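K.L.:
Have a look at this one.
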Amino acid sequence: MVTVTILLIAAACALPFVLKGYHTFQATLVLIYAIALLGLNLLTGYNGQISLGHGAFYAMGAYAAAILMDRAGVPYWATIPLAGAVCLVVGFLFGLPALRLEGLYLALATFALAVSMPPILKAHFLEKWTGGVQGIVIMKPEPPAWLAATGIKLNADQWLYFFALAVAIVLFIVAWNLVVGRVGRALVAIRDHHIAAEAMGINTALYKSLAFGISAMYTGIAGALGAIAVQFVAPDSFTVFLSITLLVGIVVGGLASLSGALYGALFIQFVPNIADELSKAAPWAVFGVFLIGFVYLMPTGAAGAVRALTTRLRGVKLSTPKEDIP
Amino acid sequence: MEAVLLQFLAGLATGSIYASLALALVMIYQATHLVNFAQGEMAMFATYIAWALINAGMPYWAAFLLTVAFAFVFGVLIERVVIRPVENAPVLAVVAVFIGLLVILNSIAGWIFTYTIKSFPSPFPAALGIRYMSPHQVGALLVTLAVLALLYVFFRFTPLGLAMRAAAQNPVSSRLVGIRVGWMLALGWGLAAAVGAIAGMMVAPIVYLDPNMMAGILLYAFAAALLGGIDSPGGAVVGGLLVGVLENLLGAFVIGNELKLVVALVLIVGVLLVRPSGFFGSVHVSRV
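Quick note, the sequences are listed as chains P and L, same order.
Note that this note's numbering gives residue 18 to position 10 of the first sequence, counting from 1, and the numbers run on in steps of one.
Note that this note's numbering gives residue 318 to position 86 of the second sequence, counting from 1, and the numbers run on in steps of one.
Take a look at the structure:
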C-alpha cells in the first residue's frame with residue numbers, strides 16, 4: 009500500500025514534464041475534482057448523508073477565492089485556506105438544520121440549494137462583489153521567484169499543477185487520518201445505525217454537522233483551486249449539473265473509499281471529453297447510464313472493483329505454491 | 233391594489249401547474265415512499281413529444297391526448313424497468329437512479345430536439361381571457377382543476393382507484409386479497425407521468441420549451457408537496473396554489489424576479505425544519 013502510494017506520487021510529480029500544456033491543465037483539473045469528490049465522499053460515502061448540492065459549496069469556494077483575489081488583492085495561495093474556512097463555517101451551519109433531515113429529505117434540501125445557487129450568485133445586491141452575470145476574471149498565478157532562483161524552471165501551468173498536487177496530498181493525508189481513526193469509525197457507525205451509534209456514546213449531532221462542515225471545506229478548497237486554474241468564475245458554471253457531476257464521480261469512483269475519489273475524478277474529467285465527439289448532449293447521457301449502471305452492477309464503484317481484483321490476484325499468488333507440492 | 237390582484241391571479245394560474253406536478257410527486261411518494269427527482273424531466277420529455285406531434289400537423293387536442301397516453305405508458309415502463317430493481321435498495325442508490333434518469337432524459341431531449349428554445353402553442357381561445365387574466369392563465373387553471381377532479385373521482389369511486397390506494401397503504405394485506413401490488417405501483421407511476429405531462433404542456437407556453445425548463449418548476453413542486461404534506465394529495469394542491477401565489481407576490485413586490493427560486497429553497501428547508509409533515513400530511517412516527 010505504502011509503495012503504491014509513493015510510486016503514485018512519484019508518477020504524479022513526473023507527469024507535467026511529460027505532458028503538453030493543455031494536458032497539464034487537464035491533470036490539474038483531475039486533482040481538483042479529486043479533492044471535491046473526497047469532500048463529498050466523506051459526507052455521503054462515510055457518513056451516509058446524501059448531498060445533491062455540493063456544487064453550491066464548490067461555487068462558494070470558487071467565488072470566495074475570486075473575490076479575495078480580485079477585490080481584496082489577496083495572493084492566490086492565501087485564498088485556499090480562507091475559502092476553505094468560509095466553506096467550513098457555511099457547511100457546518102447548513103449541517104445543523106440538515107441534522108433533522110434524513111436520506112431523501114436531505115437530498116431534496118441540498119438539491120434545492122444547488123438549483124438556487126446560480127440565481128443567488130446573479131443577484132443584484134451581490135453584484136458589487138460577484139460581478140453578476142459577467143462573473144470575475146482573475147489572473148493566472150506565476151511560479152514564485154524563489155523557485156527560479158533555485159534553478160528550477162516551470163511554466164505557469166506546471167507550477168499550478170504542483171500547487172494543486174501539494175494541496176491534494178495534504179488533504180488526502182488529513183482525510184486518511186480522519187477516516188482510519190476514531191472519527192472515521194464514528195462517522196461509519198452513524199451511517200450504518202445511528203441509534204446504535206448514539207447508544208455507544210457518539211455525539212451524532214456534533215459528528216454529523218462536523219462531517220458536513222469538513223466535507224464542504226474540501227469541496228470549497230477544490231472550488232478555489234478550480235477558480236484559480238480556470239481564471240474565471242461565472243454563475244452559470246455552477247448549475248445543478250455540477251452537483252450531479254460530483255455525485256456521478258463518487259458513485260463511479262467508489263463510495264466510502266479514498267482512492268475512489270481519484271478514479272471518479274479521472275472519470276468525470278476524461279469521459280465527457282471522449283463522449284463529446286459524439287454529440288453535445290452525449291456526455292450527460294453517458295453520465296446517466298454510468299450512474300444507473302454502477303448502482304445496479306457495481307455498487308462499490310471502481311475502487312471496489314480494483315480491491316476485488318487485487319485480492320483475487322493475491323489469492324492466486326498464494327495458492328500457486330501449494331499446487332507445486334507433489 | 234390592482235397590481236396585487238393581478239399578481240395574485242397570475243400566481244393562482246402558475247400555482248395550479250405547480251399543484252399538478254406536486255400531485256404527481258405525491259402519487260409516487262404515497263405508493264413507494266420515494267421522491268421522484270426525474271418527475272420534471274419526464275414532463276419535459278412528454279412536452280417535447282407534444283411539440284413534435286403538433287409540428288407534424290396534428291391538431292392540438294389530439295396531440296394532447298396522445299401525449300398523455302404516451303406519458304402514461306412511458307411512466308409504467310420506467311417503473312417496471314428502471315425503478316423496480318432498486319425498490320428495496322438503500323436511499324442513496326435510489327436517489328442515484330433518479331438523478332441518472334433525470335440526466336438521461338435531459339440529454340436525450342437535447343440530443344433529439346437540440347437546446348434551442350422553442351415556443352409552445354397555447355390552445356385556449358382569446359374569449360377565455362378575463363379582465364385580470366390572460367386566456368392561457370384561465371385555461372391552465374381550468375385544465376388543472378379538471379385533472380384534479382378526474383383524479384379525485386378515479387381514486388374515490390372506481391374499484392381500480394381503491395385497489396391502488398390499498399396497495400399503497402398496505403401492500404401485504406392488499407396482496408392477500410388478490411391485488412397485484414407490483415402492477416398497482418406501475419400504474420401509479422403511469423398516472424403520475426400523465427399528470428406531469430399535462431403540467432408540462434400547460435407550463436411550456438409560459439416558460440418556453442427547452443430541456444432545462446423544468447428545473448425551477450420541479451423545485452416549486454417540491455416546495456408545494458412539502459408544504460401541503462408529502463403524503464396528502466389535497467395538500468399538494470393547496471400547497472401548489474400557495475407556492476404559486478407566494479412566489480408571484482414576493483417576486484413582484486419584495487425580492488425581485490431574479491431571486492424567486494430562492495423562495496422555493498427557503499420554503500423547502502423551512503417546512504422540513506419547522507413542520508416536516510406539512511399542513512395536511514400525516515406525522516411520521518418510527519419505532520426504534
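Backbone N, C-alpha and C fix where the C-beta goes; we use that ideal spot for every residue, glycine too.
If you're wondering where the values come from, they're calculated on a predicted model, not measured in any experiment.
(1) According to DSSP, which residues form a beta bridge with LEU441(L)?
(2) So for VAL145(P), helix, strand or coil by DSSP?
(3) Which value, in whole angstroms, describes the spacing of the CA atoms of GLY243(L) and LEU474(L)?
(4) Helix, strand or coil, according to DSSP, for PHE269(L) in the structure here?
(5) Beta carbon of GLY502(L), beta carbon of ILE462(L): below 8 angstroms?
(6) Since I believe ALA42(P) is in contact with ALA242(P) (beta carbons under 8 angstroms), could you give me their beta-carbon distance rounded to a whole number of angstroms?
(7) Specify, as a first and last residue, the run of the alpha helix (DSSP H) that ASP463(L) falls within.
(8) Using the beta-carbon of each residue, which ones in chain L are nearer than 7 angstroms to TRP292(P)?
(9) Using a Cβ-Cβ cut-off of 8 angstroms, state whether LEU266(P) counts as contacting chain L.
(10) At a Cβ threshold of 8 angstroms, is ALA131(P) touching chain L?
(11) Let me know the secondary structure DSSP gives PHE356(L) once reduced to three states.
(12) Quick one: using the 10 Å Cβ neighbour count with 16 as the cut-off for buried, is ALA91(P) buried or exposed?
(13) By the criterion of Cβ-Cβ separation under 9 angstroms, what are the contact partners of THR52(P) in chain L?
(14) Does DSSP classify VAL188(P) as helix, strand or coil?
(15) Mind checking which residues open and close the alpha helix (DSSP H) that includes ARG108(P)?
(16) Please state if the CB of PHE352(L) and the CB of TRP421(L) are separated by a distance shorter than 8 angstroms.
(17) Quick check: is the beta carbon of VAL439(L) nearer than 8 angstroms to any beta carbon in chain P?
(18) Of the choices ILE146(P), GLY159(P) and TRP184(P), whose alpha-carbon is the least far from that of VAL10(P)?
(19) Applying the criterion that 16 or more other CB atoms from any shown protein chain within 10 Å of the CB defines a buried residue, is CYS21(P) buried or exposed?
(20) Do you know how far the Cα of ARG322(P) is from the Cα of PRO334(P)?
(21) Find the nearest neighbour of SER518(L) within the set GLY140(P), GLN57(P), GLU110(P) and ALA93(P), judged by alpha-carbon distance.
(22) Closest Cβ-Cβ distance between PRO291(L) and chain P: below 8 angstroms?
(23) Which residues in the same chain as SER514(L) place their Cβ atom closer than 8 angstroms to its Cβ, once the five residues preceding and following it in sequence are excluded?
(24) If we call anything under 8 angstroms between Cβ atoms a contact, is ALA164(P) one with PRO152(P)?
(25) From ALA341(L) to GLU285(P), what distance separates their C-alpha atoms?
(26) Counting only the same chain and skipping the five closest in sequence on each side, list residues whose C-beta sits under 7 angstroms from that of GLY410(L).
(27) Kindly provide the ranges of any alpha helix (DSSP H) runs that are 4 or more residues long and lie completely inside the region 180-254 of chain P, ordered along the chain.
(28) Since THR227(P) and LEU48(P) should fall inside the 8 angstroms C-beta cutoff, what is the C-beta to C-beta distance between them, to a whole number of angstroms?
(29) What is the rounded straight-line gap between the Cα of VAL256(P) and the Cα of GLN277(P)?
(30) Any C-beta of chain L sitting closer than 8 angstroms to the C-beta of ALA18(P)?
(31) If you measure beta-carbon to beta-carbon, which residues of the region 441-456 of chain L are closer than 9 angstroms to chain P?
(32) Distance, Cα to Cα, ASN444(L) vs LEU408(L)?
(33) Here's a check: name, in chain order, each residue in its chain whose Cβ is nearer than 7 angstroms to the Cβ of GLY199(P), leaving out the five neighbours to either side.
(34) Within the region 248-297 of chain P, note down every full beta strand (DSSP E) run reaching 3 residues or more, in order along the chain.
(35) Flag ALA256(L) as yes if its beta-carbon sits less than 8 angstroms from any beta-carbon of chain P, otherwise no.
P.N.:
Looking at the coordinates:
(1) Per DSSP, LYS350(L).
(2) The answer is strand: DSSP assigns VAL145(P) an E or B state.
(3) GLY243(L) and LEU474(L) have their C-alpha atoms spaced approximately 8 angstroms apart.
(4) Note: PHE269(L) maps to coil in three-state DSSP.
(5) No, the pair does not count as a contact, with Cβ atoms beyond the cut-off.
(6) At roughly 23 angstroms, the Cβ-Cβ gap does not stay under 8 angstroms, so ALA242(P) and ALA42(P) are not in contact.
(7) Going by DSSP, ASP463(L) is part of no alpha helix (DSSP H) at all; its letter is neither H nor E.
(8) The contacting residues are VAL335, ASN338 and SER339.
(9) Chain L, which has no Cβ nearer than 8 angstroms to the Cβ of LEU266(P), makes this no.
(10) So, interface residue.
(11) In the three-state scheme derived from DSSP, where H, G and I count as helix and E and B as strand, PHE356(L) is classed as coil.
(12) The residue in question, ALA91(P), is buried, as its Cβ has 16 or more Cβ neighbours within 10 Å.
(13) Identification of chain L residues near THR52(P) by a Cβ-Cβ cut-off of 9 angstroms yields LEU324, ordered along the chain.
(14) In the three-state reduction of the DSSP assignment, VAL188(P) falls in the helix class.
(15) Premise fails: ARG108(P) is in no alpha helix (DSSP H) and is neither H nor E.
(16) Cβ distance not < 8 angstroms, so TRP421(L) and PHE352(L) don't count as in contact.
(17) Output row for VAL439(L): interface = no.
(18) For VAL10(P), the nearest C-alpha among the options comes from TRP184(P).
(19) Under this definition CYS21(P) is an exposed residue.
(20) Unreliable positioning characterises PRO334(P) in this predicted model, as indicated by a pLDDT of 43, which lies under 50. The coordinate reading is nonetheless provided below. A straight-line Cα-Cα distance of about 22 angstroms links PRO334(P) and ARG322(P).
(21) Measuring from the Cα of SER518(L), the nearest candidate turns out to be GLU110(P).
(22) So no, PRO291(L) is outside the interface.
(23) So the list reads GLY461, ASP463 and SER464, once near-sequence residues are dropped.
(24) No, these two residues do not count as a Cβ contact at 8 angstroms.
(25) Straight-line Cα distance between these residues: approximately 18 angstroms.
(26) Around GLY410(L): no qualifying Cβ.
(27) The region 180-254 of chain P contains these whole alpha helix (DSSP H) runs: 190-200, 202-207 and 212-238.
(28) With 8 angstroms as the limit, THR227(P) and LEU48(P) qualify as a contact, their Cβ atoms being about 6 angstroms apart.
(29) Between VAL256(P) and GLN277(P), the C-alpha separation is close to 11 angstroms.
(30) Output row for ALA18(P): interface = no.
(31) Cβ contacts with chain P come from PRO443, ASN444, ALA447, GLY448, LEU450, LEU451, PHE454 and ALA455.
(32) Rounded to the nearest whole angstrom, the C-alpha separation of ASN444(L) and LEU408(L) is 44 angstroms.
(33) The amino acid at residue 199(P) is misidentified as Gly; the sequence shows Arg. For ARG199(P), where only same-chain residues beyond five positions count, the Cβ hits under 7 angstroms are TYR54, ASN55 and GLY56.
(34) Qualifying beta strand (DSSP E) stretches: none in this window.
(35) Closer than 8 angstroms: no.
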